[in-house]
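Chains as they are written, first to last, in this note's numbering: chain A, 1 to 242; chain B, 1 to 116. Even glycine gets a Cβ: it sits at the ideal position worked out from N, Cα and C. Keep in mind that this is a model prediction, so the values were computed, not measured. The structure appears right after this line, and notes come after that.
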């Protein structure tokens, strides 16, 4: 158990480390649980609340098990799924210039990844929420850049900035998903522990959008990463034959 | 021929799975484990005397050890009653980086016990 001071005993730390758990040190988190995480949990290997409650004996009914170490809904191998919020979400979007409607830096701290974990999916989700429903139903030109070496005090200026993708999206009403491992620059190398991206959006047609709408879009944008990893040590064969 | 069978007055019942509910509130993890609130982990307890060891999932070695224990209890201990079949669970929790994490754990629920 956790002492009042918030520090863990060595035994508790060792136990948590064995299970790969790193509890928050402070008060209980209030962050809502994303629906995708609930969905993945409910599709897990069991309904844990009821598992084994029928009888504790060799007569327990056997139900078909999903593939081990495979996240069926996402179609990738893995046994750890993390939902990571944009670390720069609280920063207001930068005033865009020219035809740009939105230019927003996104930061994701992935330093918690253990070297023995193999990345199998890094999916960026952009959700414009309710104000997105106010946006005109029209094409949007979207670009995503990988940025390195941010200049101090200059949120949108970088030593190195490289466009990862340009895409036309028909609407902002639905969440947008991007497989970051499929983008050559990131997928072909060691994934950065601190991922800095710059999102740029402009209307696909020559429309004169009010600046207020662009500001609303920037404020309503929720960016997150769904990170799936496979820790082979957690995925042992179910039976061994000699 | 073994003439010494399971002691009729043995204090231990035969090896089998017993109910054990791991309650995350009781261990003080309920503030950051989102789901489940707990799970039926079970555990194994009971004796592996001869012929019990022949009636449940046991290694051949354990059967022979139980037989030897029945004739020479002072020098040969009985086999151990341990989990032989387990199943996984998933746990949804907050980590110390404010991420929501779903982690899959193998071998968390005892489905069957045997002698080893």
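Quiz item: Got a sec: is the Cβ-Cβ distance from residue 103 of chain B to anything in chain A below 7 Å?
Solution: With 7 Å as the cut-off, residue 103 of chain B counts as an interface residue toward chain A.
Quiz item: Does the beta-carbon of residue 179 of chain A have 16 or more other beta-carbons within 10 angstroms, so that it is buried, or is it exposed?
Solution: Result: exposed.
Exercise. Report yes if the CB atom of residue 115 of chain B is closer than 7 Å to the CB atom of residue 77 of chain B, and no otherwise.
Key: Residue 115 of chain B is not a Cβ neighbour of residue 77 of chain B, given a cutoff of 7 Å.
Exercise. Let me know the secondary structure DSSP gives residue 113 of chain A once reduced to three states.
Key: DSSP places residue 113 of chain A in coil when its eight states are reduced to three.
Quiz item: So, are the CB atoms of residue 100 of chain A and residue 202 of chain A less than 7 Å apart?
Solution: Cβ atoms of residue 100 of chain A and residue 202 of chain A: closer than 7 Å.
Quiz item: If contact means a Cβ-Cβ distance below 8 Å, which residues of the stretch 175–193 of chain A contact chain B?
Solution: Answer set for the stretch 175–193 of chain A: empty.
Quiz item: What is the DSSP secondary structure of residue 198 of chain A, reduced to helix, strand or coil?
Solution: Correct three-state label for residue 198 of chain A: strand.
Practice problem: State the beta-bridge partners of residue 235 of chain A as determined by DSSP. | Solution: Answer is none; residue 235 of chain A lacks a bridge partner.
Exercise. List the residues of chain B whose Cβ lies closer than 7 Å to the Cβ of residue 40 of chain A, in chain order.
Key: Simply 102.
Quiz item: Interface residues of chain D around residue 127 of chain A at Cβ under 8 Å?
Solution: Chain labels in this structure do not include chain D; the protein chains are A and B.
Practice problem: Decide if the stretch 220–231 of chain A is in contact with the stretch 110–130 of chain A; the criterion is three or more beta carbon pairs, one per stretch, under 8 Å apart. | Solution: As far as the Cβ criterion goes, the stretch 220–231 of chain A touches the stretch 110–130 of chain A, which means the pair count is three or higher.
Quiz prompt | Three-state class that DSSP yields for residue 217 of chain A in the structure shown | solution = Helix.
Quiz item: Counting contacts by CB-CB distance shorter than 7 Å, is residue 232 of chain A in contact with chain B?
Solution: Output row for residue 232 of chain A: interface = no.
Practice problem: Note down, in chain order, every chain A residue with its Cβ under 8 Å from the Cβ of residue 67 of chain B. | Solution: For a Cβ distance threshold of 8 Å, nothing in chain A lies close to residue 67 of chain B: the least Cβ distance comes to about 22 Å.
Quiz item: For residue 109 of chain B, which option in B:55, B:27, B:63, B:21 has the closest C-alpha, if you only look at C-alpha atoms?
Solution: Scanning B:55, B:27, B:63, B:21 for the CA closest to the CA of residue 109 of chain B turns up B:21.
Quiz prompt | Selection of the stretch 33–54 of chain B by Cβ proximity to chain A, strictly under 9 Å | solution = Of all residues in the stretch 33–54 of chain B, only 33, 34, 35, 36, 37, 38, 39, 40, 41, 42, 43 place a beta-carbon less than 9 Å from a beta-carbon of chain A.
Quiz item: Excluding five sequence neighbours on each side, which residues of the same chain lie with their C-beta closer than 8 Å to the C-beta of residue 57 of chain A?
Solution: At residue 57 of chain A, the pLDDT of 41 sits below 50, so the modelled position is not reliable; the number obtained from the coordinates is stated separately. Exclusion of the five residues before and after residue 57 of chain A leaves no residue of its chain whose Cβ lies closer than 8 Å to its Cβ.
Quiz item: Who are the near neighbours of residue 168 of chain A in its chain, counting only those whose CB is closer than 8 Å to its CB and skipping five residues on each side?
Solution: Excluding positions up to five away in sequence, the list reads 139, 140, 141, 142, 204.
Quiz item: Under three-state DSSP, which class holds residue 41 of chain B?
Solution: DSSP, reduced to helix, strand and coil, places residue 41 of chain B outside both helices and strands of the structure shown, so it counts as coil.
Quiz prompt | chain A contact residues for residue 23 of chain B, given Cβ-Cβ distances below 8 Å | solution = Here the premise fails: no neighbours, minimum Cβ distance about 11 Å.
Self-check item: Terminal residues of the beta strand (DSSP E) in which residue 22 of chain A lies
Solution: Where residue 22 of chain A is concerned, there is no enclosing beta strand (DSSP E), given that its DSSP letter is neither H nor E.
Self-check item: Identity of the residue in A:200, A:190, A:148 nearest residue 166 of chain A by Cα
Solution: With distances taken between CA atoms, residue 166 of chain A lies nearest to A:200 out of A:200, A:190, A:148.
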